[in-house]
Amino acid sequence: MSDNQPTDPPTASGPRPPRERREPLPWARPKPAEEDPDAPDRVRAILESPSYRQADSDPDFLNLDETRGVRLQIDYLKAELLLRRYGVCHTVVVFGSTRIPEPSAAARDLEASLAALAAHPDDAALAARCRMARRIAEKSRYYDVARELGRLVGQAGGGPADCRVVVCTGGGPGMMEAANRGAHDVGAASVGLNIKLPHEQYPNPYVTPDLCFSFHYFALRKLHFLLRARALVAFPGGYGTLDELFETLTLVQTRTIEPLPIVLVGEAYWRRLLDVDFLVEEGMIAPEDRELFWYAETAREIWDGILRWHGDNGAQLFCEPAGP
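Put into structure tokens, the structure is as follows:
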């Protein structure tokens, strides 16, 4: 056969072409300087131009005001896909202060504050700090309550390997750490929804790594908090806890979402902070709005109340297991 004689193309059952071409295509190498001395510099300028970056690899483009819609979509979708992949169906959402550590840490902080005040007994700022440290130490018992609640949720259903109902927190320290830690104690998965903030922060070490997310938008984080929530448990906390609590109360009050059990842990704290009877007397809420939540003190009381609420209302806490 002559070297110039054409060959028949391979049939459908013939060999596949190799992954790498034997002869590169014309655009596989830049125009050589031998043909145009300015060509290499021109090609380099094109390659280095921001316009040449792929859109999904161009942070400057992705951070434009005009691409906010895309960012909102992917901020939602990444967590959603991973939660589905893990089989997370419903959650027990736990909020509370990041400033309430475990009892031993609170005791150390109080001891250090008292020592500082003893050295400077006339310092009003140190005296105020001691008072706050003492109150934090008193509330540190709730760390153990939240941790025990995490254990109870983690052992529910089919046991620690059952992800149909898991603990979900903001992923930070304090009360959130305690709830994640309780689930971790029994080998159960738990979720942490962190948020990007101007200052450095770290997730607590007890969130399941594959279920710890960092959100750009508070709105999408809030969406994921409530999308699977079948109970909201609020421990003593500050602005962040109040934000999530009041938003949930408003959504349930207006029936924008299906009612769910809302538990306020630490009745003395919450009654002083939130005078619901005053709101009723002032005509700001209806008497029935007092029934949107209840108080509890122990983990068993919280969990039994959640189970009873779902049983009494015919609501589904555990979804049906996924098919094979």
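The opening residue of the sequence shown carries number 28 in my numbering; numbering runs sequentially from there.
Don't be surprised by glycine CBs; every beta carbon is placed ideally from N, CA and C.
Inter-residue spacing [alpha-carbon to alpha-carbon] between residue i and residue j
i, j, result
"P236", "D331", "29 Å"
"T196", "A142", "34 Å"
"I333", "V279", "16 Å"
"H117", "R156", "40 Å"
"R174", "Y79", "51 Å"
"G350", "A188", "The pLDDT assigned to G350 is 46, lower than 50, so where the model puts this residue is not dependable, and the model offers no usable value."
"P200", "E347", "32 Å"
"R46", "A55", "15 Å"
"Q228", "P51", "49 Å"
"V70", "D85", "19 Å"
"Y169", "D304", "25 Å"
"P57", "L74", "11 Å"
"V115", "L179", "17 Å"
"F345", "P148", "56 Å"
"M202", "E129", "9 Å"
"R48", "P59", "21 Å"
"V192", "Y296", "28 Å"
"P42", "R111", "40 Å"
"E309", "L300", "17 Å"
"L108", "Q100", "12 Å"
"A256", "A152", "41 Å"
"A106", "D63", "50 Å"
"V172", "F273", "22 Å"
"D270", "D92", "26 Å"
"T283", "Y266", "23 Å"
"T358", "G198", "Within the shown structure, residues of the chain are numbered from 28 to 351, placing residue 358 beyond reach of any answer."
"L144", "S131", "20 Å"
"R327", "D150", "43 Å"
"P53", "A215", "56 Å"
Best match in the options for proximity to residue i [C-alpha to C-alpha]
i, options, result
"V97", "N231, G341 and Y244", "Y244"
"A134", "R111, I163, V119 and A151", "I163"
"V194", "S241, L253 and A132", "L253"
"L250", "G265, L220, G264 and L269", "L220"
"E294", "E285, T325, E315 and P286", "T325"
"A183", "V119, D302, Y322 and R49", "V119"
"G209", "G265, H226, P225 and N231", "N231"
"M311", "T283, E285, T277 and G341", "T277"
"D339", "P286, G265 and H211", "P286"
CB contact flag (residue i, residue j, <8 Å)
i, j, result
"V121", "V260", "yes"
"F242", "V290", "no"
"I222", "K166", "no"
"C239", "Y113", "no"
"S124", "P263", "yes"
"G177", "A206", "yes"
"D102", "L247", "yes"
"L137", "R161", "yes"
"A342", "V292", "no"
"V213", "G185", "no"
"H226", "S217", "no"
Beta-bridge pairing of residue i - partner residues as DSSP gives them
i, result
"I289", "L259"
"A323", "V292"
"S217", "V194"
"I222", "F242"
"T118", "V193 and A256"
6 Å Cβ shell around residue i - same chain, five flanking residues per side excluded
i, result
"P288", "A258, I333 and W336"
"N90", "none"
Close-in-space but distant-in-sequence residues of the same chain around residue i (CB under 8 Å, 5 per side omitted)
i, result
"F88", "P77, R80, A82 and T94"
"A66", "P57, K58, P59 and A60"
Proximal residues to residue i (C-beta, below 7 Å), its chain only, five neighbours per side dropped
i, result
"V307", "P314 and R317"
"E204", "N231 and Y233"
"T268", "F122, G123, S124 and A261"
"D68", "none"
"M28", "Residue confidence is low: M28 scores 49 on pLDDT, short of 50, so the model does not pin down where it sits. No coordinate-derived value is stated."
"I329", "L176, V260, V290, V292 and A323"
Below-8 Å beta-carbon distance, residue i vs any chain C residue
i, result
"L109", "Although the question refers to chain C, the structure presented lacks it and comprises just one protein chain."
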